[in-house]
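Position one of the sequence shown corresponds to residue 250 (this note's numbering), numbered consecutively onward. Have a look at the structure below, then the notes.
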Amino acid sequence: MPARVRTVVAAWGASPRLGQAIESIVRATAPFQGEIVVVGAPGIAAAAEVVAPDPALPPTPGSHRNQGARGASAEYLLFVDDDMVVEPEFVSAAIARLDASPDVVAVGGRIHERQWREGTFVREIPDLHRSGAGGDVAMLAAAWMVRRGAFEKVGGFDPRLPAEEDTELCLRLAADGGRIVALDRLAAYHDCTPRPSLAELRRRWSSGLFAGQGLLLRQSWGTPYFGRHLARQRLYLASVAYAALGVLLAVSALFVPGLATAFAFWTLSVLALWAWMALRKRSLALGALSILAWLVLGVGIVRAWTRGAR
């Protein structure tokens, strides 16, 4: 019986959780004679075919996923990040939905994030991407299945993007007439260190991950997709604009005393936002880090949008 699904794992980050990810994929895809291709991380994934990234191609997750999908004969492709634990029932449910609904081209489910510190569980964030009770959605990410024919028809992932490649591909799949659907079930767990954190912000900035949204805006300028991509980044861009307003008011107040009151109101509004986020996160530090993450991501978007890739 030929494989019905090929799982592609882009191990470009060499996650220490890759072994757990592979074990979960083996369990989930075994009933369908599943094959597993890992791009990167040689010697780690013994249960999978390991492919070295092509040095002639961009070193991005999308590029590596395209490479892992190349030459597949399986009907479906399952894309899984290297720090995920896939729920076995999700794969069978996704295949059943695709088999029963020819108009559906991609299927995902809820992603729960589990945060760990030195092997100790810290907290769980349910439904990270807010797919809720399922139905038609705009995007899928982290662990999702797509018809190979539909994937190949639209040209696969955009290999230029260091992030947001899942969202961009889902938009093109939908524009080609396919439905993107989330099931009312858990698809996978995303295991990571507690975030947001200063270490994570530094890593994402230095690796170029914070440039993904900006590059996507730059590349979609003049296309029907630009407005939708821009709307998704409104929180981060608003954070940059509001921070710039604060700097402008602070400097201007040195020369125009009447603006000191306006700057005081700006400061109070930021403190109120911090208090609100601290209540939501149940931590003053996490509240501040969340706001800082918005700002850093917004700066990364503007930088990449106006200047291109670093």
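Don't be surprised by glycine CBs; every beta carbon is placed ideally from N, CA and C.
Between residue i and residue j, is the Cβ-Cβ spacing less than 8 Å?
{"i": "Val403", "j": "Ala323", "result": "no"}
{"i": "Leu377", "j": "His478", "result": "no"}
{"i": "Leu464", "j": "Leu410", "result": "yes"}
{"i": "Leu508", "j": "Leu517", "result": "no"}
{"i": "Ala270", "j": "Glu336", "result": "no"}
{"i": "Tyr474", "j": "Leu435", "result": "no"}
{"i": "Trp543", "j": "Tyr485", "result": "yes"}
{"i": "Leu458", "j": "Val545", "result": "no"}
{"i": "Pro307", "j": "Pro408", "result": "yes"}
{"i": "Val275", "j": "Ala305", "result": "no"}
Can you tell me the Cα-Cα spacing of residue i and residue j, whole angstroms?
{"i": "Asn315", "j": "Leu418", "result": "12 Å"}
{"i": "Ile429", "j": "Ser380", "result": "11 Å"}
{"i": "Ala527", "j": "Phe514", "result": "20 Å"}
{"i": "Ala533", "j": "Val505", "result": "Looking at the sequence itself, residue 533 is Leu, so the reference to Ala does not match. So the two alpha carbons sit approximately 33 Å from each other."}
{"i": "Arg467", "j": "Glu414", "result": "14 Å"}
{"i": "Ala252", "j": "Gly398", "result": "15 Å"}
{"i": "Leu432", "j": "Ala448", "result": "34 Å"}
{"i": "Val299", "j": "Ala487", "result": "42 Å"}
{"i": "Ser350", "j": "Val257", "result": "23 Å"}
{"i": "Arg529", "j": "Ala493", "result": "25 Å"}
{"i": "Val386", "j": "Thr309", "result": "25 Å"}
{"i": "Ile540", "j": "Val519", "result": "9 Å"}
{"i": "Ala392", "j": "Tyr491", "result": "35 Å"}
{"i": "Glu367", "j": "Arg552", "result": "34 Å"}
{"i": "Trp365", "j": "Gly427", "result": "37 Å"}
{"i": "Gly536", "j": "Ala524", "result": "7 Å"}
{"i": "Gly384", "j": "Ala423", "result": "14 Å"}
{"i": "Ala277", "j": "Met333", "result": "13 Å"}
{"i": "Asp348", "j": "Gln282", "result": "16 Å"}
{"i": "Gly358", "j": "Gly311", "result": "20 Å"}
{"i": "Ile285", "j": "Met388", "result": "23 Å"}
{"i": "Arg452", "j": "Met250", "result": "44 Å"}
{"i": "Ala318", "j": "Ser446", "result": "34 Å"}
{"i": "Ile344", "j": "Tyr325", "result": "8 Å"}
{"i": "Ala390", "j": "Ser501", "result": "44 Å"}
{"i": "Ser226", "j": "Ala412", "result": "Outside the shown range of the chain, which is 250 to 559, sits residue 226, and nothing can be said about it."}
{"i": "His313", "j": "Asp303", "result": "8 Å"}
{"i": "Gln482", "j": "Val489", "result": "11 Å"}
{"i": "Arg444", "j": "Phe400", "result": "32 Å"}
By the 10 Å Cβ neighbour count, where 16 or more other Cβ atoms means buried, how is residue i classified, buried or exposed?
{"i": "Ile374", "result": "exposed"}
{"i": "Gly461", "result": "buried"}
{"i": "Phe370", "result": "exposed"}
{"i": "Gly471", "result": "exposed"}
{"i": "Gly405", "result": "buried"}
{"i": "Leu503", "result": "exposed"}
{"i": "Gly476", "result": "exposed"}
{"i": "Thr442", "result": "exposed"}
{"i": "Asp565", "result": "Shown here, the chain extends from 250 to 559; a query on residue 565 therefore has no answer."}
{"i": "Val496", "result": "exposed"}
{"i": "Ala301", "result": "exposed"}
{"i": "Ser273", "result": "buried"}
{"i": "Ser456", "result": "exposed"}
Throw me the rounded Cβ distance for the residue i and residue j pair, which I believe falls under 8 Å.
{"i": "Val395", "j": "Val354", "result": "6 Å"}
{"i": "Ala290", "j": "Leu327", "result": "Not a contact, Cβ separation roughly 18 Å."}
{"i": "Val288", "j": "Ala260", "result": "6 Å"}
{"i": "Val356", "j": "Arg346", "result": "5 Å"}
{"i": "Gly549", "j": "Trp454", "result": "7 Å"}
Taking 7 Å as the cut-off, is the beta-carbon of residue i closer than that to any non-hydrogen atom of the ligand ZN?
{"i": "Val287", "result": "Judged by which ligands are present, the structure shown has none, so any question about the ligand ZN falls away."}
Beta strand (DSSP E) segments (min. 3 residues) lying fully within the segment 363-403: List check, beta strand (DSSP E) in window: 369-374 and 392-396.
| said: Could you tell me which whole alpha helix (DSSP H) segments of length 4 or greater appear in the segment 480-508? | reply: Fully enclosed alpha helix (DSSP H) runs of 4 or longer: 483-502.
Self-check item: Residue ranges of each alpha helix (DSSP H) within the segment 505-532, 4 or longer
Solution: Counting only unbroken stretches of 4 or more residues, the alpha helix (DSSP H) elements lying wholly within the segment 505-532 are 508-530, in sequence order.
Task: 4 or more residues per run - each alpha helix (DSSP H) lying fully within the segment 292-344 - done: Within the segment 292-344, the complete alpha helix (DSSP H) runs of at least 4 residues are 310-318.
In chain order, which alpha helix (DSSP H) runs of at least 4 residues are fully inside the segment 436-464?
The segment 436-464 contains these whole alpha helix (DSSP H) runs: 447-456.
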